[in-house]
Amino acid sequence: MVEEKKLTFRRYQDGDSVFHEWKEAIFQASWSHKCPTYVHRTPPCQGSCPSGEDIRGWLGIARGMEKPPAGTTWQEYAFQRSTDANPFPSVMGRVCPAPCQTGCNRNVVEDFVGINAVEQFIGDYALAQKFKLAPPGPDTGKKVAIIGGGPAGLAAAYQLRRKGHACTVFDDHAELGGMVMYGIPGYRTPRDVLQGEIQRIVDMGVVTRLNTRVGKDISVEELEKQFDAVLWTVGCKAGRPLPVPGADAPNCITGVDFLSDFNQKQLHTV
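In numbering that gives the first Met the number 0, the protein residues as written are 0 to 269.
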């Protein structure tokens with residue numbers, strides 16, 4: 000005679016299926032009979048990135064989860080993937096406030112992935128190995144004038160050259176780079192790093208017109224006649240004074256003006 004086993008159980012109670020921590024749901028819920036559901040969505044890190052970089056893609060390459068094609072190192076493959084949206088990995092790895100890390104899923108488990116550190120490594124390695132950006136596309140016969148040689152203008156020139164459009168960048172400074180060159184000190188963005196990443200874009204066949212101010216050295220009407228399109232990327236470089244009485248007094252300058260003069264070696268003793 001088979002001995003009957005006494006079954007012990009308790010009734011379901013409200014809250015039994017609620018996990019108070021995401022970590023608990025992942026690591027202590029292996030007994031669940033429910034199958035996981037995969038939904039195709041933009042990863043939160045990529046969705047938080049203003050450039051829309053394929054962050055999960057090049058992090059996967061760095062982790063070895065995605066193998067590079069034969070004859071290509073993982074560093075070069077990760078560089079190619081990261082620069083598909085952003086041609087400045089070395090600079091952005093240093094100065095970007097990294098909203099991608101704020102959106103990182105790992106925040107609810109322990110801490111975010113150090114995305115900007117990996118990006119800086121990829122960028123620095125690419126400069127040391129002299130990796131090139133994606134080649135220009137077939138010539139379309141179209142010409143675009145870009146007013147402003149800062150990050151936005153240079154990134155636009157990069158993407159336009161990839162599509163085969165001819166680009167000319169106009170800037171009223173002696174060097175390209177905009178606020179990254181003139182608004183950030185050299186210890187934050189080493190000049191050899193910045194100039195190296197700029198030169199890669201120029202090497203794609205981008206024409207530059209430096210020390211040229213639109214409206215003074217060349218008119219908008221002339222640009223509209225010579226080019227099929229004109230893109231304005233003049234940036235937002237106005238300083239913000241302190242909201243206190245006397246902020247407009249003589250010799251009171253904004254941080255933006257100070258950094259611009261400092262980086263151009265135009266500071267004067269008072």
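Positions of the beta carbon are idealized from the N, C-alpha and C atoms, including for glycine.
- [ ] Pull up the distance between the alpha-carbon of GLY136 and that of VAL143, whole angstroms please.
- [x] In a straight line, the C-alpha of GLY136 is about 15 Å away from that of VAL143.
- [ ] Keeping to the same chain, check which residues put their C-beta closer than 7 Å to that of CYS95; ignore five residues upstream and five downstream.
- [x] Non-local beta-carbon contacts of CYS95 in its own chain, meaning distances under 7 Å to residues more than five positions away in sequence, involve ASN115 in chain order.
TODO: With THR207 as the anchor, note down where its alpha helix (DSSP H) starts and where it stops.
DONE: Premise fails: THR207 lies in the beta strand (DSSP E), 206-208, not in any alpha helix (DSSP H).
Open item on the list: I need the straight-line Cα distance from VAL1 to VAL112, nearest angstrom please.
Closed with: Summary for VAL1: the model assigns pLDDT 48, below 50, so the residue's position carries little reliability; its value from the coordinates is reported in the next sentence. The straight-line gap separating the alpha-carbon atoms of VAL1 and VAL112 is approximately 57 Å.
- [ ] Find out if the Cβ-Cβ distance for the pair ILE145, PHE169 is shorter than 8 Å.
- [x] The Cβ-Cβ distance between ILE145 and PHE169 falls below 8 Å.
Task: Option nearest MET203 by Cα separation, candidates PRO42, PRO86, ALA69, ASP53 - done: The shortest C-alpha separation from MET203 is found at PRO86.
TODO: Report yes if the CB atom of THR253 is closer than 8 Å to the CB atom of GLY234, and no otherwise.
DONE: Their beta carbons are not under 8 Å apart, which means THR253 does not touch GLY234 by this criterion.
- [ ] Go to ILE200, then tell me how far its alpha helix (DSSP H) extends in each direction, as first and last residue.
- [x] Start and end: 190-201.
Task: Anticipated Cβ contact below 8 Å, SER50 with THR101, distance rounded - done: 15 Å between Cβ atoms; not a contact.
- [ ] In angstroms with no decimal places, state the Cα-to-Cα distance between CYS166 and SER259.
- [x] Rounded to the nearest whole angstrom, the C-alpha separation of CYS166 and SER259 is 27 Å.
Open item on the list: Based on DSSP bridge pairs, tell me the residues matched to VAL143.
Closed with: Note: VAL143 is bridge-paired with CYS166, ALA228 in the DSSP secondary-structure output.
TODO: Provide the residue span of the alpha helix (DSSP H) that contains THR101, from first to last.
DONE: Unbroken alpha helix (DSSP H) run through THR101: 98-101.
Task: Nonlocal neighbours in the same chain, by C-beta distance under 6 Å from GLY152, ignoring five residues either side - done: When the five nearest sequence neighbours on each side are left out, the beta carbons in the same chain lying within less than 6 Å of the beta carbon of GLY152 are those of ILE145, VAL168, THR232, in order along the chain.
Open item on the list: Tell me which residues share the same chain as PRO88 and place their Cβ nearer than 6 Å to its Cβ, disregarding the 5 neighbours each side in the sequence.
Closed with: Listed in chain order, the non-local C-beta contacts of PRO88 below 6 Å within the same chain comprise SER81, GLU118, ILE121, GLY122, local neighbours out to five positions each way being set aside.
Task: Collapsed DSSP secondary structure at VAL117 in the structure displayed - done: Residue state for VAL117 is assigned as helix, using DSSP reduced to three classes.
Task: Sub-8 Å separation of THR177 and GLY147 beta-carbons - done: It is Gly, not Thr, that sits at residue 177 in the sequence shown. Yes. Within cutoff.
Task: Opening and closing residue of the alpha helix (DSSP H) in which ILE293 lies - done: Since the first residue of the chain shown is 0 and the last is 269, residue 293 is not available in this structure.
Task: CB contact flag (VAL108, ALA156, <8 Å) - done: For VAL108 and ALA156, no; Cβs fall outside 8 Å.
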